[in-house]
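J.: Chains as they are written, first to last, in my numbering: chain A, 59 to 144; chain B, 312 to 1029.
Ideal Cβ positions, reconstructed from N, Cα and C, are used throughout, including at glycine.
Following this message is one structure expressed as structure tokens.
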Amino acid sequence: MDQLVTDLKSRIIETLKLQDITPGQIDENAPLFGSGLGLDSIDALELVVMLEKHYGIVIKDIEEGRPAFASVHALAEFIRAKQPTK
Amino acid sequence: MTARSPVITGLGIITAPGCGVAEVWSALRAGQSGLGALTLFPSPRYGQSPIAEVRGDLLALGAPVHGSRTDRLVWLAAREAIESAQLRDFDGERAGVSLGGSTGGSFDSERFLTTLIKTGKLRPRPTRFHECANATDLVADSFGFYGPGVTVATACSSGALSIATAADMIVAGAADVMLAGGGDSVSRMTWGGFHSLMLVDAQGCRPFDVARAGMSLGEGAAILVVEEEQFARRRGATILARLSGWGASCDAFHATAPHPEGSGAVAAMRAALRRANLTPAAIDYVNAHGTGTRDNDLAEGKALKTVFGDRVPPFSSTKRFFGHSLGASGAIEAVVCVAALRHQELPANPGFSDVDPAIGLTPVTEFQPARLRHVMSNSFGFGGNNAVLIISQPDTPAPPVPATVQPIVVTGVGVVCAPGVSDYQIKPPLPPATVPAFVCGEFAGPGELDPMQRRRASRLGQMTLVAAKRCGPATANTAVAIGTGLGCVGEAAQFIENMIAKDEGEPMPARFINSVHNVPAGLIGMAMGARGFNSAPTCREISFEVALWQGCDQLATGSADAALVGGADELGKYYVTFAGRWGLWKNAARPGEGATVVRLAPGGPGLARVTAVRLGRYRRPFDVGREAAWIAETIDLKQVEVLMTGAGGWPVLDEHYTAVAGQLGLPQQTYKQLCGDHYSASAFGFAQAVELVRGGCRGVVLYTLSVSGGKAVCCVQP
């Protein structure tokens, strides 16, 4: 299992206070927003803060982050692309 | 008898592009934006964004020392408005104040927090002007307005909703003249908050432009003198304009995002048109909310097309001139509309250059002459809260006034309160302490909140929603008014403490959204599908009674078919700490928290009737005879058996209550020993009154005084 994907699932649960969900219940290929976990635009903003805090990635325009929030898998790819050394 | 009709006779304004109506109009004519660099506080992370600050020394202009920055802005605008209306030698009892605000004294409270967090020193003086209600109380006492004193805090629509409320008060006969408007100063809270929501355009706002990327913040205040038409004519006032229509609605969709089709905006515009007895074709200009955010402008554009079809009148957003000054905006833009009518000129929409194909509308791009009879001003806020005003030439006919429905009946009561006294923990950055208090703890029963509400809603919002649901279901045209003295203090404190401690790093966007005072009212609208009038009065101890007044008025005028009115406040560590030190709860009462919501209907069967609601101010020194007479002229004392009072808070108020009860010869009952002391505790007192009446009592007078001069009385009967 991809460690970054596992970490991200835990961080998403923690950041968004998804109390009734375990990391194992999140499908890394399922959409994060709308359907899937049912997150909304405010959750996206919270994830932007999380990305900066834990991965040092600054997103200045929410549109820029939109493709990254398609799924946990997409988010992991986005982080890798921005952090080639990790 | 001629119907009572509100007209506008005076204007006052203070904003970044100008101080005073003449200066502001010159700036709009010349196309001078007030945007510039932030100077009022350091901003390590966001300091590059432009902002519309009011320049100059407010004290040198004559503003009172004793007040927050917001209070001073409001006071200066009020002085100009009163002078321009040539309002003097009036009966103070018939003169009220209705103001909108969003951040109140935050700017000043943040100085205290910065000192505390950065140096560990406790210097709470600046927090004394924290409440939005402070500006209202200051202006009322300063200028002798002893009628109803109301403050509404529905985020960015506050300044328009306060004017709508003033109009309702004039029509209902609660006052003959009102100071109406709003004010908000810049604050670290809103500056950091809107940046954390990524809603600030680094180039300055560009409303309706295809490349728009957000809003620009601003600050200021604007006040209108709104008078009953015959009263104005009798005193020989110059009538500047007629306030012909006003309407409010709730999107009931999302905490921050507008309904994508602008359905709430459409409902508010149509409600205002209905009130004004006008067709859409009669509107000659719309001052748009037009913040410059992607979502607002798109939704508003769609709403304009829905209301006006393919004949959308000339419209412009003046936000790039003034910045978005939140609770002041609706009032500033109302002043702009009156000035536009007076000058027969239209202000432009700076920042716009290219049409957004998704909107398909072009605003007014140049300041220009125009023939104007009726103009509309839109204001929309967080919580899906919408308020729309229609302002007309003075020679237009007065619109008909709706017939009133009586009596108002209580059909449901929902209470969330503490089971008893327990330990409330005061946490850092304050010195840790334990205070006995009425703490609600786990208040929601199984299924009373859905997972999303549990996860996302603020605690105060949750408390109020649970109380509202306990009243029974809401209809689509239910009016909601939830009074709160301090709002979501838990969320607000966490957001700003974090902002200061981390120098704007790692912001908390969800907490910012939850910090506005209208979270409880907006959440009820959203969760219960109530799309009618939606308000969040914040008037210290009489916050609930103002909500009750608004709910009853909506029902009495046929504007809503049910109303959910209530009061809600949560324990806040700063308030508990400092109010305790300043002498509150000396008489053995304890601080507390809770939410009470009551459901009202226009007639029909119910638990009790609300037979009177009246708001006002008492004078200092407190005159027992005068205050007892005020109650006696409002309520037939032969029909009541109990005076229910808010004793148990400030010791000085306890003395007043006891004296008034003695003068009236009524036994006094109190409720704060059951629910704890908080600003909106009288909502719990109202529920107690309903219980007494159901138990056979012939009638209860609920009498509430605020520490800053407000008073309210209402009567509950079988």
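1. Given this structure, state the Cα-to-Cα distance separating Thr956 of chain B from Val800 of chain B, to the nearest angstrom.
2. Quick check for students: name the residue ranges of the alpha helix (DSSP H) that lie wholly in the region 863 to 946 of chain B, counting only runs of 4 or more.
3. Looking at Ala879 of chain B: is its Cβ nearer than 7 angstroms to the Cβ of Met774 of chain B?
4. Could you tell me the boundaries of the beta strand (DSSP E) in which Thr722 of chain B lies?
5. Are the region 462 to 477 of chain B and the region 845 to 858 of chain B in contact at 8 angstroms, needing three or more beta carbon pairs?
6. Where do the N-terminal and C-terminal ends of the alpha helix (DSSP H) with Thr462 of chain B fall, by residue?
7. Indicate the three-state DSSP secondary structure (helix, strand or coil) for Glu656 of chain B in the structure shown.
8. Check Asp382 of chain B in the structure and name its three-state DSSP category.
9. Quick one: Cα of Gln77 of chain A to Cα of Phe889 of chain B, how far?
10. Am I right that Ala388 of chain B and Ala543 of chain B are in contact with their C-beta atoms under 8 angstroms? What's the rounded C-beta distance?
11. Using the C-alpha atoms, what's the distance from Val332 of chain B back to Phe626 of chain B?
12. Which first and last residues belong to the beta strand (DSSP E) in which Ile115 of chain A is found?
13. Give the DSSP-derived three-state secondary structure of Gln984 of chain B in the structure shown.
14. Give the DSSP-derived three-state secondary structure of Lys75 of chain A in the structure shown.
15. Starting from the N-terminal side, write out each stretch of the beta strand (DSSP E) that is 3 residues or longer and does not extend beyond the region 660 to 709 of chain B.
16. Verify the CB distance criterion: does Glu72 of chain A have a CB-CB separation below 7 angstroms to chain B?
17. For Gln514 of chain B, name the three-state secondary structure that DSSP assigns.
18. Helix, strand or coil for Gly1010 of chain B, going by three-state DSSP, please let me know.
19. Counting pairs of beta carbons, one from the region 827 to 843 of chain B and one from the region 782 to 791 of chain B, are three or more of them closer than 8 angstroms?
20. Indicate the three-state DSSP secondary structure (helix, strand or coil) for Gly1021 of chain B in the structure shown.
21. Given a threshold of 16 other Cβ atoms within 10 Å of its Cβ, counted over all protein chains shown, does Asn36 of chain A qualify as buried or as exposed?
22. Have a look at B:Asn809, B:Ala755, B:Ser854, B:Glu815 and flag the residue whose alpha-carbon is nearest the alpha-carbon of Leu797 of chain B.
23. If you drop the 5 nearest sequence neighbours on each side, which residues of the same chain put their C-beta closer than 6 angstroms to that of Tyr968 of chain B?
24. Report, in whole angstroms, the separation of the C-beta atoms of Asn1030 of chain B and Ser379 of chain B, which I expect to be a contact under 8 angstroms.
25. What is the rounded straight-line gap between the Cα of Gly529 of chain B and the Cα of Ser496 of chain B?
26. Would you say Arg499 of chain B lies against chain A (beta-carbon separation less than 7 angstroms)?
27. Using the Cβ count rule (16 or more neighbours within 10 Å means buried), how would you classify Trp557 of chain B?
28. Counting contacts by CB-CB distance shorter than 7 angstroms, is Pro831 of chain B in contact with chain A?
29. Express the C-alpha separation of Val924 of chain B and Val376 of chain B in angstroms, rounding to a whole number.
30. Suppose the cutoff is 8 angstroms on Cβ atoms and the five residues either side in sequence are ignored; what does the same chain contact list for Thr590 of chain B look like?
31. Once you ignore the five residues that flank Ala698 of chain B on each side, which residues in its own chain have a CB closer than 7 angstroms to its CB?
32. Quick one, are the C-beta atoms of Arg405 of chain B and Asp479 of chain B less than 7 angstroms apart?
33. Any Cβ of chain A within less than 7 angstroms of the Cβ of Pro820 of chain B?
34. So Val857 of chain B and Thr945 of chain B are in contact, right, with Cβ under 8 angstroms, and what is the actual spacing, rounded?
35. Using the beta-carbon count (16 or more within 10 Å), is His441 of chain B buried or exposed?
36. Which residues, in order along the region 745 to 767 of chain B, keep a beta-carbon less than 9 angstroms from a beta-carbon of chain A?
T.: In terms of the structure at hand:
1. 25 angstroms
2. 884 to 892, 935 to 945
3. In this structure, Ala879 of chain B lies near Met774 of chain B, with their beta-carbon atoms less than 7 angstroms apart.
4. 719 to 728
5. yes
6. Taken as a continuous stretch (DSSP letters only), Thr462 of chain B belongs to no alpha helix (DSSP H), being part of the beta strand (DSSP E) at 460 to 463.
7. strand
8. helix
9. Cα-Cα distance, rounded: 35 angstroms.
10. A Cβ-Cβ distance of about 20 angstroms is found for the pair Ala388 of chain B and Ala543 of chain B, leaving them out of contact under the 8 angstroms criterion.
11. 21 angstroms
12. It is not in any beta strand (DSSP E) - Ile115 of chain A carries neither H nor E in the DSSP assignment.
13. helix
14. In the three-state DSSP reduction, Lys75 of chain A falls in the coil class, being neither helix nor strand.
15. 685 to 692, 696 to 703
16. no
17. coil
18. Gly1010 of chain B falls in the coil class under three-state DSSP.
19. yes
20. DSSP places Gly1021 of chain B in the strand class (E or B) of the three-state scheme.
21. The displayed coordinates of chain A run from 59 to 144. Any statement about residue 36 of chain A would go beyond what the structure contains.
22. B:Ser854
23. Thr956, Ala958
24. With chain B represented from 312 up to 1029, any question about residue 1030 of chain B goes unanswered, as that position is not in the structure.
25. 8 angstroms
26. no
27. Of the other Cβ atoms in all chains shown, 16 or more fall within 10 Å of the Cβ of Trp557 of chain B; this residue is therefore buried.
28. Chain A contact via Cβ: absent.
29. 34 angstroms
30. Answer for Thr590 of chain B: Leu584, listed in chain order.
31. Ser468, Ala471, Leu472, Ala475, Ala559, Ala579, Gly641, Ser690
32. no
33. yes
34. Not a contact, Cβ separation roughly 16 angstroms.
35. buried
36. Pro762, Met763, Arg765, Arg766, Arg767
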